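In full-length UniProt numbering, the protein residues as written are 1 to 281.
Dropping the structure here:
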């Protein structure tokens with residue numbers, strides 16, 4: 001039996017029809033586990049959450065409340081809203097500038113997640129956005145990235161993956177001294193401090209995840225980077241189970257880098273990974 005210092009969190013997986021029952025299975029049969037989290041595990045990443053403010057936007061109260069509990073266990077300060085208009089009001093209102101991350105569901109009433117994200121970006125808000133959705137087609141992921149999302153997580157998802165993605169987005173928001181150095185390769189120039197990426201004389205207008213991907217490639221120019229290595233460098237853990245995510249980000253980054261007919265720099269080596277170079281491998 002667990003000790004008093006332990007705590008059960010019914011969030012091994014979060015998805016449609018979430019309903020935490022004592023058996024750990026939703027009443028409608030959806031996948032919801034009951035995971036034991038000990039004190040040592042809670043404290044492992046808790047320091048990362050100190051003073052960090054996260055807004056959760058989802059129209060399903062059960063998912064919204066469950067996400068809030070998990071994030072609060074990790075030490076994050078949270079607020080919740082049920083639609084996109086409330087997101088815009090919250091970001092524009094007092095305290096909006098102190099938000100560190102937005103977790104945004106795609107399907108919401110009044111104003112959906114995609115349009116909400118577009119309006120935030122159009123207003124110049126660079127708040128990191130993690131988009132949640134029950135849709136998992138490549139076209140859906142591209143739509144989310146095109147709207148300005150930094151990452152995209154399909155439902156149902158494991159709690160550990162959600163938290164790892166949150167930590168990765170927060171790390172990219174505060175670059176280290178080494179990461180702040182100006183980087184360049186061929187006609188590509190990156191300024192991490194200003195979050196600017198240029199090719200030739202034009203701005204690439206990258207999302208945070210696209211910027212991080214290009215940054216890793218530039219730092220390792222001409223080297224072959226495996227998919228696992230890129231997952232680890234960008235998201236901080238093995239995401240091979242959702243390998244399509246990386247393919248989408250690479251495809252979208254290429255599109256932006258080659259938008260005016262520039263030669264290809266990012267090459268795919270089938271069965272190996274990706275490489276940044278001026279000539280085909």
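Beta carbons: idealized from backbone N, C-alpha and C, even for Gly. Keep in mind it's a predicted model, so treat the numbers as computed, not measured.
In the DSSP assignment, find the unbroken alpha helix (DSSP H) run with residue i in it and report its ends.
i	result
residue 249	244-257
residue 269	Here residue 269 belongs to no alpha helix (DSSP H); instead the beta strand (DSSP E) covers 266-269.
residue 196	Careful: residue 196 lies outside any alpha helix (DSSP H), inside the beta strand (DSSP E) at 196-199.
residue 116	113-122
residue 144	138-146
residue 221	Residue 221 -> no alpha helix (DSSP H), and no H or E assigned at all.
residue 74	Neither: residue 74 is in no alpha helix (DSSP H) and is coded neither H nor E.
Rounding to the nearest angstrom, what Cα-Cα distance links residue i and residue j in this structure?
i	j	result
residue 206	residue 192	12 Å
residue 88	residue 78	16 Å
residue 194	residue 257	19 Å
residue 203	residue 189	10 Å
residue 97	residue 145	22 Å
residue 153	residue 93	27 Å
residue 278	residue 159	40 Å
residue 120	residue 132	17 Å
residue 102	residue 130	6 Å
residue 208	residue 197	11 Å
residue 244	residue 136	9 Å
residue 181	residue 172	14 Å
residue 73	residue 143	32 Å
residue 166	residue 276	27 Å
I believe residue i touches residue j by the beta-carbon criterion, under 8 Å. Please report the beta-carbon distance rounded to the nearest angstrom.
i	j	result
residue 108	residue 84	6 Å
residue 215	residue 169	Wrong, their Cβ atoms sit about 14 Å apart, outside the cutoff.
residue 251	residue 234	Contact flag wrong, Cβ pair sits at about 15 Å.
residue 312	residue 59	With the chain covering only 1 through 281, there is no way to say anything about residue 312.
residue 218	residue 273	Between residue 273 and residue 218 the Cβ distance is about 15 Å, and since that is not below 8 Å, they are no contact.
Here's the rule I'm using: 16 or more other beta-carbon atoms within 10 Å means buried, otherwise exposed. How should residue i be labelled?
i	result
residue 271	exposed
residue 64	buried
residue 222	exposed
residue 149	buried
residue 261	exposed
residue 200	exposed
residue 100	buried
residue 269	exposed
Give the DSSP bridge partners of residue i, in chain order.
i	result
residue 184	189
residue 108	Answer is none; residue 108 lacks a bridge partner.
residue 151	130
residue 85	Its beta-bridge partners do not exist; DSSP assigns none.
residue 56	80 and 103
residue 289	Any question about residue 289 goes unanswered here, given that the chain covers just 1 to 281.
residue 203	198
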